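A.B. asks: Per my numbering, the sequence shown runs over residues 286 to 1186. C-beta atoms are modelled at their ideal positions from N, C-alpha and C, and glycine is treated no differently. None of the values given here were measured: they were computed from a predicted structure. Here it is: the structure, laid out below.
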Amino acid sequence: MTTPLNRSTTKLPAIALAAVASVVFWSLKPIFISMIGDRGDYAEVYVASGTIAVAVSIIASCICWKYTRALLRSGPHLYKAIGWASISGLFLAMWYYGFYRALYGAAKADATIIAFVWPLIATVAIRFITPDTAAKLKPNQWLLVIASFVGAVAIGIANYGVGQAGGGSPEIVWAFVAALGSGLYLPFAFKATTQIEQAIPSKPFATFYSISIANAVALAAVLLSLKAADHPLRFYAFDTQVLFICALIGIGTYLIAEVTWTWAFQEYRSLTLSSLPYFSPAVSVILLHIFFDEPVRPIAIVGLVLILFSNLTLHANQKSTNALSLTLIATVYVALASQILPLDGLGAIPEMAAALTGLFAILAGFILSRASERRTQEVDARAVLVRKLITADPTADHALADQLLCDLLEFEFSETREEKERYLAKIRAALSDERITDEDRRNEAKDALSTWHAMHSDRLSTGETAALWLTGIGSVIFVLLLRDASPFGAAGSIIFAAGAFLAIFTIRDYDQNNLHGFRNQVRRLQQGFAEIGRPYYVPAEVVRSGYISPTTFAADDRVRYGRTSGEDTPVTIPKRRVFNSVYLGTAALVILSVLLLPVSSLTSDGSTATAAPRPGEEAAAVDDEKQGSIVIADPGWKAATVTAEIIRLALEEKGISASVEPVDQTDLSADLIAEDPTFHVHPDLWVENQPLALQEAVESDQLRLNAEPFTASQGIYVLDNDETKKAVTSLDALSDPAAAKLFDTDGDGDGEFWLGARGWVSTENLKDWVDSEGFSNVEHEEYSETIFKAKLEQLAPSDQPAIFYDYVPDGLHEKYDLRRLGDVPGEESSDEVTVHVARTAEVREISTTADRILQNFSFSAEDMNSFIAQSDEGTDPEVIAQKWVESNQDVINQWADSAAD
């Protein structure tokens, strides 16, 4: 008996565990990065994590010295392994460095979605570079892998879609670099592992050495690139917690995840495994919701269910070529397409759509009747063939007839033309067996075989298939384009598409789809065995399909599942009750999600098909306080973070639902003036520092400000020593190389000038000014405020000066003796800046009470100094906010009760 699986069943639990471990560690990466926050930048996080991974690999190699020594003595195999692993490492460097850089420098939604193209790239690359590693994907498997990718895209949009309106950063190109690197490293790692296996008789250890070499090469490549780009590493804000998290990233992601994933892929020997990584963003969404209270949006649920269904179909022995599965997948694609296609885009031609759909219905009915008639004739011809095969066998034990019937079943259920031809040749050869002495019966059996085979091979013609698909797809497209902007119109178009695809796929595979009783068909085909007194026979392909269960046959039936050289071995067929429940439940969720998504996300004005969240967008809010959540932005600096929490608590005190969500300042500036903004409140808007478009929105009352701002100041400051006090008396002094060199901290002769964090408007203004002034001996730096403040803590005790942008209020002025060098250069900046709480017009629509509170909201510069000082001392922003709210209930009541201006 042949096993009903195409790989070693003893390894499946280990393969599953390895794949799950990889997905878990990949899923944890956003959590780890969120925990690090702005204490590290993309280069520092990767270098620290990569260094720890390489160090652990070296330690593990020393512990496993027996294997290490065997590898070192393997000569040519070692050299080839190093070569292939080095190529793999270069691509790993592209993956790690590119992905981190894209996440830190571009819109996270775009970066994540683009980077997740890598499994598709890997699937294609493996077929070209290491074709022996895995079997070629079938078309329906490609559909499921791509469906998993679509699910990951949906989750990426939902999870990171807030605040991404300004995601036009050129840094997004690094996401493409990351996807390419991650997609191409795997086949070269396979080649390296194959060479190492010649010296080490263990694939897991061979994979470990292959990935370890690749990690070392990746780290070296990134370090050399940073050196060539004159990019210093700034570990000033790294503490024990950050190092611990980097260790988790390095050991968990770069070692455990990559080693187990590479090993599992080689053992599983199927490209369908490339759909599993799409669980990573799904698990990340769940973890972010659990640990950081991130909302899970409807489209994310659709994506999660779609990924789950695709993977269950691909990996759980589920037949995915039947009409129901293919219809479900095709319908999901139609539903997703309906989120993009416009409404009423064809004007006055609904008659054409009606004619086409009518033609499709007539054509489908005609072809289905023909297919049904052919099937009936084929069933009759097969019954005749079975009887002729039995009567042709003169042996007493009917061994020859049993062999013929088994081969006939194998022929019918083989999926490839080569397998079908092989079994047909076996049947014809058996009919020429010398044990058959009656030539008339032999010829009758051969004639019956030829007649049945001709009917069995008579499937839809090319013309019939083309006509069916053209009219079917055309009907679906026309119905989508002409659908009404209502829930019934949206859902109805999806239901029509499902019906059309179900008809097409049913006709396409009329004899072996599960719509007319696949299990009944299998039992009916056993009639010949019953006549000769032999046990029933079920081909391995049928077992593999997932439609055979212990209830298919009676308890006292004797059944064989595949065979080898005449010996039968009993096989236990799993009951699969739990799996079937999960699988069918997931399929129902997919259908429900597909139907509800277009209904729940329709806009009220009919101007567009749906308002499903895309990067930078969110479904439109309902009126007044019936839906209620006011989204408060947290652009990241301490004053803004504390103020955002105070606003949230103040609104919640009045029964108004509010949430705080982190966002990059550049993205926030664009979102606040968007037609349908995601964020409703900016807690700390420095008005004069904002782009012209945002200032115009303030003037036109599109963006509304609180009545009483506080005044802040900004400028260029110097942490002095004796030399800088004399040599640097104005910004113009930076044109002197000797003066600029005084601020050199990395030994390259050029002084560093911290312009601010990436995304601040003042940072961009300063950068333009430094570039325009031609300060050849000044390096302008852009990184987080947290890292810069940690750097100052190290520079101050050593009497090392620094020049930087800063503002008041800020705790630095209490901590250090800073000298103000001058105003921030640039026409769009000023010394005195008014700082407001800004809100969009949507706030009043959500809650008039919230609008009053935000209109009357006010703090002084002294209040902000206190908040920043407490935050600098390590107090959590939520704790600071909670204490203030508890002590100022009367102030909040006054804000809420006072009439807005």
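What are the start and end residues of the beta strand (DSSP E) that includes Gln999?
C.D. replies: The residue you call residue 999 lines up with position 714 of the sequence shown. Unbroken beta strand (DSSP E) run through Gln999: Phe995 to Leu1004.
A.B. asks: Taking C-alpha atoms, which residue in Arg324, Ser373 and His967 lies nearest to Glu543?
C.D. replies: As a first step, residue 543 must be located in the sequence shown, where it is residue number 258. Out of Arg324, Ser373 and His967, Ser373 has the C-alpha closest to the C-alpha of Glu543.
A.B. asks: Given this structure, state the Cα-to-Cα distance separating Val339 from Ser495, to the nearest angstrom.
C.D. replies: On the sequence shown, position 54 is the one that residue 339 refers to. On the sequence shown, position 210 is the one that residue 495 refers to. When rounded, the distance between both Cα atoms is 12 Å.
A.B. asks: Looking at the structure shown, is Val1093 part of a helix, part of a strand, or coil, going by DSSP?
C.D. replies: Locating residue 1093 in the sequence shown gives position 808, counting from the first residue. Strand at Val1093.
A.B. asks: Verify whether the separation of the beta carbon atoms of Ala918 and Val983 is less than 9 Å.
C.D. replies: For this step, residue 918 is matched to residue 633 along the sequence shown. For this step, residue 983 is matched to residue 698 along the sequence shown. Taking 9 Å as the Cβ cut-off, Ala918 and Val983 do not qualify as a contacting pair.
A.B. asks: If you follow the beta strand (DSSP E) that Glu1066 is in, where does it begin and where does it stop?
C.D. replies: Within the sequence shown, the letter at position 781 stands for residue 1066. From DSSP, the beta strand (DSSP E) with Glu1066 extends over Val1063 to Glu1067.
A.B. asks: Can you find the residues in the same chain that come closer than 7 Å, C-beta to C-beta, to Tyr385, ignoring five residues on each side of it along the sequence?
C.D. replies: On the sequence shown, residue 385 is found 100 positions in, with the first residue counted as 1. Here the set comprises Tyr327, Val330 and Tyr331.
A.B. asks: For the beta strand (DSSP E) that contains Leu357, what are its first and last residues?
C.D. replies: By one-based count along the sequence shown, residue 357 stands at place 72. Taken as a continuous stretch (DSSP letters only), Leu357 belongs to no beta strand (DSSP E), being part of the alpha helix (DSSP H) at Trp350 to Leu357.
A.B. asks: Decide if Lys351 is buried, meaning its Cβ has at least 16 other Cβ atoms within 10 Å, or exposed.
C.D. replies: To locate residue 351, count along the sequence shown from 1; it is residue 66. Per the 10 Å Cβ criterion, exposed.
A.B. asks: What is the DSSP secondary structure of Ser307, counted as helix, strand or coil?
C.D. replies: Position 22 of the sequence shown, counting from 1, holds the residue named residue 307. Looking at Ser307 - three-state DSSP - the assignment turns out to be helix.
A.B. asks: Is Asn728 buried or exposed, if buried means 16 or more other CB atoms sit within 10 Å of its CB?
C.D. replies: Here residue 728 corresponds to residue number 443 of the sequence shown, with the count starting at 1. It is exposed - the Cβ of Asn728 has fewer than 16 other Cβ atoms within 10 Å.
A.B. asks: Tell me Pro947's beta-bridge partners as DSSP assigns them.
C.D. replies: Here the question's residue 947 lines up with position 662 in the sequence shown. Paired residues: Asp919.
A.B. asks: Along the chain, where does the alpha helix (DSSP H) that runs through Gly1117 open and close?
C.D. replies: Counted from its first residue, the sequence shown places residue 1117 at position 832. Reading off the sequence, residue 1117 comes out as Glu, not Gly. Segment Glu1117 to Thr1125 is the beta strand (DSSP E) holding Glu1117; no alpha helix (DSSP H) there.
A.B. asks: DSSP state of Asp969, grouped into three classes?
C.D. replies: Here residue 969 is taken as the residue at index 684 of the sequence shown, counted from 1. Strand at Asp969.
A.B. asks: Name, in chain order, the residues that DSSP records as bridge partners for Glu1037.
C.D. replies: Indexing the sequence shown from 1 puts residue 1037 at position 752. Looking at the DSSP assignment, Glu1037 forms a beta bridge with Glu1064.
A.B. asks: Helix, strand or coil for Arg1104? Go by DSSP, reduced to three states.
C.D. replies: Indexing the sequence shown from 1 puts residue 1104 at position 819. Strand at Arg1104.
A.B. asks: Ignore the nearest five residues each way along the sequence and tell me which others in Leu405's own chain have a CB closer than 8 Å to its CB.
C.D. replies: Here residue 405 refers to the residue found at position 120 when the sequence shown is read from its first residue. Exclusion of the five residues before and after Leu405 leaves Val430, Ile431, Phe434, Gly468 and Ser559 as the residues of its chain whose Cβ lies within less than 8 Å of its Cβ.
A.B. asks: Determine the extent of the alpha helix (DSSP H) in which Tyr494 is found, giving its start and end residues.
C.D. replies: Stepping through the sequence shown from its first residue, residue 494 is reached at position 209. It spans Lys488 to Ala513 - the alpha helix (DSSP H) in which Tyr494 sits, taken as one unbroken run.
A.B. asks: Using the C-alpha atoms, what's the distance from Ile414 back to Pro472?
C.D. replies: Residue 472 sits at position 187 when you count from the first residue of the sequence shown. Residue 414 sits at position 129 when you count from the first residue of the sequence shown. Straight-line Cα distance between these residues: approximately 6 Å.
A.B. asks: Tell me, to the nearest whole angstrom, how far the beta carbon of Tyr1092 is from that of Ala997; I am working on the premise that it is less than 8 Å.
C.D. replies: Within the sequence shown, the letter at position 807 stands for residue 1092. Within the sequence shown, the letter at position 712 stands for residue 997. Right, their Cβ atoms sit about 6 Å apart.
A.B. asks: Apply the 10 Å Cβ neighbour rule to Arg519 and answer buried if 16 or more other Cβ atoms are within range, or exposed otherwise.
C.D. replies: Here residue 519 refers to the residue found at position 234 when the sequence shown is read from its first residue. Buried, by the Cβ-count rule.
A.B. asks: Round the Cβ separation of Leu694 and Ala503 to the nearest angstrom and send it over; I've been treating them as touching at under 8 Å.
C.D. replies: For the purposes of this step, residue 694 is identified with residue 409 of the sequence shown, where counting begins at 1. For the purposes of this step, residue 503 is identified with residue 218 of the sequence shown, where counting begins at 1. Actually they do not touch by this definition, with Cβ atoms about 52 Å apart.
A.B. asks: What is the rounded straight-line gap between the Cα of Phe763 and the Cα of Pro424?
C.D. replies: As a position in the sequence shown, residue 763 is number 478, starting the count at 1. As a position in the sequence shown, residue 424 is number 139, starting the count at 1. Using only the alpha carbons, I get a separation of about 25 Å.
A.B. asks: Could you tell me the alpha carbon to alpha carbon distance between Val916 and Thr1133, rounded to whole angstroms?
C.D. replies: Your numbering for residue 916 matches position 631 in the sequence shown. Your numbering for residue 1133 matches position 848 in the sequence shown. Taking the straight line from one Cα to the other gives about 15 Å.
A.B. asks: For Val844, which residues does DSSP report across the bridge?
C.D. replies: On the sequence shown, residue 844 is found 559 positions in, with the first residue counted as 1. Beta-bridge pairing links Val844 to Tyr821.
A.B. asks: Alpha carbon to alpha carbon, how far is Phe493 from Leu540? Give it in angstroms, no decimals.
C.D. replies: In the sequence shown, residue 540 corresponds to position 255, counting from 1. In the sequence shown, residue 493 corresponds to position 208, counting from 1. So the two alpha carbons sit approximately 8 Å from each other.
A.B. asks: Under 8 Å Cβ to Cβ from Leu357, same chain only, skipping five residues before and after it: list those, please.
C.D. replies: The residue given as residue 357 occupies position 72 in the sequence shown. Counting only Cβ-Cβ distances below 8 Å, and skipping sequence neighbours, we find Leu363.
A.B. asks: Classify Leu1077 as helix, strand or coil using the three-state DSSP reduction.
C.D. replies: If you number the sequence shown from 1, residue 1077 lands on position 792. Helix at Leu1077.
A.B. asks: Since I believe Val1109 is in contact with Ser1047 (beta carbons under 8 Å), could you give me their beta-carbon distance rounded to a whole number of angstroms?
C.D. replies: Here residue 1047 refers to the residue found at position 762 when the sequence shown is read from its first residue. Here residue 1109 refers to the residue found at position 824 when the sequence shown is read from its first residue. Yes, Ser1047 and Val1109 are in contact; Cβ-Cβ is about 6 Å, under 8 Å.
A.B. asks: In angstroms, rounded to a whole number, what distance separates the CA positions of Ala304 and Ala464?
C.D. replies: Here the question's residue 304 lines up with position 19 in the sequence shown. Here the question's residue 464 lines up with position 179 in the sequence shown. Taking the straight line from one Cα to the other gives about 20 Å.
A.B. asks: Rounded to a whole number of angstroms, what is the C-alpha to C-alpha distance between Pro824 and Leu689?
C.D. replies: As a working mapping, residue 824 is identified with position 539 in the sequence shown. As a working mapping, residue 689 is identified with position 404 in the sequence shown. Rounded to the nearest angstrom, the two C-alpha atoms are 13 Å apart.
A.B. asks: For Arg989, which residues does DSSP report across the bridge?
C.D. replies: Counting from 1 along the sequence shown, the entry for residue 989 is found at position 704. Answer is Arg1124, bridged to Arg989.
A.B. asks: Could you check if Glu1070 is buried or exposed, using at least 16 other CB atoms within 10 Å of its CB as the buried criterion?
C.D. replies: Taking the sequence shown and counting its residues from 1, one reaches residue 1070 at position 785. Buried is the call here.
A.B. asks: Does the region 669–681 come into contact with the region 717–734, if we say contact requires no fewer than three beta-carbon pairs (one atom in each stretch) closer than 8 Å?
C.D. replies: yes
A.B. asks: If you reduce the DSSP assignment to three classes, tell me which class Ala1087 lands in.
C.D. replies: The residue labelled residue 1087 in the question sits at position 802 within the sequence shown. If DSSP states are grouped into helix, strand and coil, Ala1087 belongs with the strands.
A.B. asks: Please name the residue in Gly1107, Arg1124 and Ile1131 whose C-alpha comes closest to that of Phe1142.
C.D. replies: Position 857 of the sequence shown, counting from 1, holds the residue named residue 1142. Selected option, being the one with the closest Cα: Arg1124.
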